[in-house]
Structures are given as structure tokens and as C-alpha cells.
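Written below as C-alpha cells is the structure these notes are about.
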Amino acid sequence: EVVEPTTLPHKGGVPVGNGKLAAAGGVAQLGEGGWKDFSFEGIRESQVARAMSRRYFKDLDTYAESDIVIVGAGSCGLSTAYTLAKARPDLKIAIIEASVSPGGGAWLGGQLFSAMVMRKPADKFLTDLGVPFEDEGPYVVVKHAALFTSTLLSKVLAFPNVKLFNATSVEDLITRRDESGNIRIAGVVTNWTLVAMHHDDQSCMDPSTINAPVIISTTGHDGPFGAFSAKRLVSMQALEKLGGMRGLDMNTAEDAIVKGTREIVPGLIVGGMELSEVDGANRMGPTFGAMALSGVKAAEEALAVFDQ
Ligand code: AHZ
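This note's numbering applies: residue 122 is where the sequence shown begins, and numbers increase by one.
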């Protein structure tokens, strides 16, 4: 039952302020009469609960069959989502991010510094995105990594064909076998991360699923959560072994990650630093151009799978 705000004790008053912000334009209505009589429109608590839960469960229903699932919303996963959603508004794209906060390691530069470095030609991605940078010749610098990540995130989330399920982990991969017995990845197995963290001390917390013809895994290098799909492929014997990320070498690492971004087993594309664990590629440390351009390549690889 929907309760009309007019039946509520606090009927919304006209917002009024002290006029100091009137020049700012958007809040001009707040500029008359002072804050004494200020009041929000009335609401019942159940309206808030229903506004959120109805949409979330509709999204779960809509995206249970997706066209593309991106696992991990770090700099590579978000760059992938941006490129795909912009190119193909007809595709349904689900992003699954284990953490409450999307963005992975891209909220800061190296060693908790602020600025983000990208080597050219990744400046083209920044220009397309509308993120300003300082041009230092062979590389560019965004004044704060959070400016890159928040801009990318805001654009990705604004696409009507993208849904981000954060605080949600991919726990497993859905597999099929073709006539020759070869494995194809056909979706992901998900659970709320807080549930996934308690499998050892609670029972009967079975997961949910999303079917999709293309999965793009960008879960970062190995760590408590990272390299998820790569490690799972090894344990299910779809990949012989992990190459193991090698030491830091910016020049070789960035080229290798971009060029190596590809479909590892049918239906599963791996990009970003997760790929270093598959291929035994070097790490690049705090230079993020390869993450953006691996995202672009992952998007292209995904569309190629689609066009087959
Ligand atoms: O929370 C993880 C992070 O946001 C998420 N993730 C990991 N496992 C997951 C799972 N289900 C859902 N099972 C999962 N989400 O994946 C995201 C990975 O982001 P990231 O920033 O770690 O990886 P990236 O490849 O996008 O960027 C790597 C950035 C690095 S690491 C590095 C170095 O170590 O030298 N250099 C750069 C530029």
C-alpha cells in the first residue's frame, strides 16, 4: 500500500533560505525568507524501503540474463564498461563488484599519493571521458586519481544499459561443455560479499546466478580477492597453471597487458592486472594507461565474440 505524502504529519513546506546562494542559480528557490520555516516534503519510511527494494529486485530480475558481465569495478573494469556501454546501448551490461566502494585501486596514485599518471596514448581515453590532465610529453598527469575514477564511475552509472551490483562477489563461474568436451563459461555465480565472507561459520547461504554469453574478468592481481577467475580456471583445470605476476617493469608491463587482453577460455575475457597472473606479465606500479586501454581492448574482444 502506497501512503500519499499528503496524509503524513509533515507536509512539505516551500524550501526557503537566506538568499546568499541565490546567485548560484540551481538553488535560487532557496533564496527567500530564511531557514526558520524550512521543511522537506513528507515521507513515510516504507516509501523509502520500497523505492530501494523494488528497484533492486527488478534489476536482479532484469540482469539475471545479461549480455555481458564485468567482474570487478576497478580502473580496467570501469573502462571496459564505459567503452562497451557507449558503443552498444542495446547490450545489457552487469558489473559485479565485491567491495562496497567501486573503483578498486584507482582512488589514489602510487604510495597513497594523489596524482594519477597515464602514459600516452592513454590520454585519448581521458579526452574522450572529459578528464583534464597536464601534458608532460610522453605521459600525462591527472591532478587527482579520484577525479579520473569518479568521472568514469559517474559516466558508467548514468548509462541506462548498465547495472552495478556492488557489495556482491563472484563466487564461481557457470560452465558448459561443447560436443568436444571443451569448457565454455556461460555466466557467474554471485553472493552478497558479507554472506560470502561467512561461509565458514553459517550454513545454507547458497548463491545466486547471472547467465551471460560473455564474461569479462578484471579482478586485479592476486590478493585476498584478486585474480578470481584466473585462479578458478586453474582449480577447474580449464587453465594449466597461473603464470604468476612478475616484478615491476613499467615499459614491458603496460604493453603486455593491453596486447594480451583476450578471451582466455571461450566466453571469458581477462583484462587489467588479473591478466598478469595468467600470463606471468610484469606489474607496472602506479601508471594507469594500460588499465584504461586494456578496458578498451576487452570491450572490442567482447564485441567480436558477440558478432561471431
Ligand atoms: O574488489 C575488487 C576490485 O575493486 C574486485 N574484485 C576482486 N575479486 C572479485 C570477485 N567478485 C567481484 N570475486 C571482485 N569483484 O575487482 C576490482 C579489481 O580492481 P583493481 O584496481 O585491483 O584491478 P585493475 O586490474 O582494474 O587495476 C589494477 C591497478 C594496478 S595494480 C598495479 C601494480 O600492482 O603494479 N598497477 C596498477 C595500475
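In this text, a Cβ means the ideal position worked out from N, Cα and C, and glycines have one as well. Here the structure is a predicted model, which is why all the values come from computation and not from measurement.
For residue i, does the three-state DSSP call read helix, strand or coil?
| i | result |
| --- | --- |
| phenylalanine 409 | coil |
| valine 124 | Note that valine 124 has pLDDT 48, beneath the 50 cutoff, so the model's placement of it is unreliable and the number below is only indicative. In this structure, valine 124 counts as coil in the three-state DSSP scheme. |
| serine 356 | helix |
| isoleucine 164 | coil |
| alanine 170 | helix |
| glycine 368 | strand |
| serine 329 | strand |
| valine 426 | helix |
| valine 221 | coil |
| valine 252 | coil |
| glycine 134 | The predicted model places glycine 134 with a pLDDT of 44, which falls under 50 and marks its position as unreliable; any figure quoted below should be read in that light. Glycine 134: coil per DSSP, three-state reduction. |
| glutamine 323 | coil |
| glutamate 180 | Strictly speaking, residue 180 in this sequence is aspartate, with glutamate absent from that position. In the structure shown, aspartate 180 sits in a helix (DSSP, three-state: H, G or I). |
| leucine 485 | Outside the shown range of the chain (122 to 429) lies residue 485, about which nothing can therefore be said. |
| leucine 129 | Confidence in leucine 129 is poor, its pLDDT being 44 and thus under 50, which makes the residue's placement too unreliable to answer from. |
| lysine 418 | helix |
Give me the DSSP bridge partner(s) of residue i.
| i | result |
| --- | --- |
| isoleucine 214 | Ile189, Val283 |
| tyrosine 260 | Arg240 |
| leucine 389 | Ile336, Val386 |
| isoleucine 304 | Arg298 |
| arginine 404 | Leu369 |
| valine 310 | Asp293, Thr330 |
Restricting to Cα atoms, I'd like to know which of the options is closest to residue i.
| i | options | result |
| --- | --- | --- |
| leucine 457 | Gln323, Lys284, Arg298 | No answer is possible for residue 457: the residues shown for the chain start at 122 and end at 429. |
| aspartate 428 | Gly364, Leu354, Val335, Met357 | Val335 |
| alanine 402 | Phe346, Ala243, Val283, Ala377 | Ala377 |
| phenylalanine 246 | Thr272, Tyr260, Ala413, Ala420 | Ala413 |
| serine 110 | Gly308, Val386, Phe234 | As shown, the chain starts at 122 and ends at 429. That puts residue 110 outside it, with no answer to give. |
| leucine 285 | Gly195, Gln358, Glu421 | Gly195 |
| arginine 367 | Val399, Tyr177, Asn287 | Val399 |
| valine 426 | Ile189, Pro259, Phe254 | Ile189 |
| tyrosine 184 | Thr408, Val192, Ile331, Ile295 | Ile331 |
| alanine 267 | Cys325, Asp370, Thr373, Gly224 | Gly224 |
| leucine 396 | Lys380, Asp299, Leu181 | Lys380 |
| isoleucine 385 | Met405, Ala279, Leu354 | Leu354 |
| serine 329 | Ile295, Thr382, Ala348 | Ile295 |
| tyrosine 203 | Arg298, Glu422, Gly416 | Gly416 |
Just to confirm the assignment, what range does the beta strand (DSSP E) spanning residue i have?
| i | result |
| --- | --- |
| aspartate 293 | 289-298 |
| alanine 202 | It is not in any beta strand (DSSP E) - alanine 202 instead sits in the alpha helix (DSSP H) that spans 196-208. |
Start and end of the alpha helix (DSSP H) containing residue i?
| i | result |
| --- | --- |
| leucine 315 | 314-317 |
| valine 399 | 395-400 |
Check your understanding: So does the segment 252-266 actually touch the segment 286-297, counting three or more Cβ pairs closer than 8 Å?
Key -> no
Review point. Is there contact between the segment 300-307 and the segment 224-238, where contact requires at least three CB pairs shorter than 8 Å?
Key: no
Exercise for review: Please determine if the segment 201-221 and the segment 353-371 are in contact, where contact requires at least 3 C-beta pairs separated by less than 8 Å.
Suggested key: no
Check your understanding: Does the segment 381-398 come close enough to the segment 202-218 to have 3 or more Cβ pairs within less than 8 Å?
Key -> no
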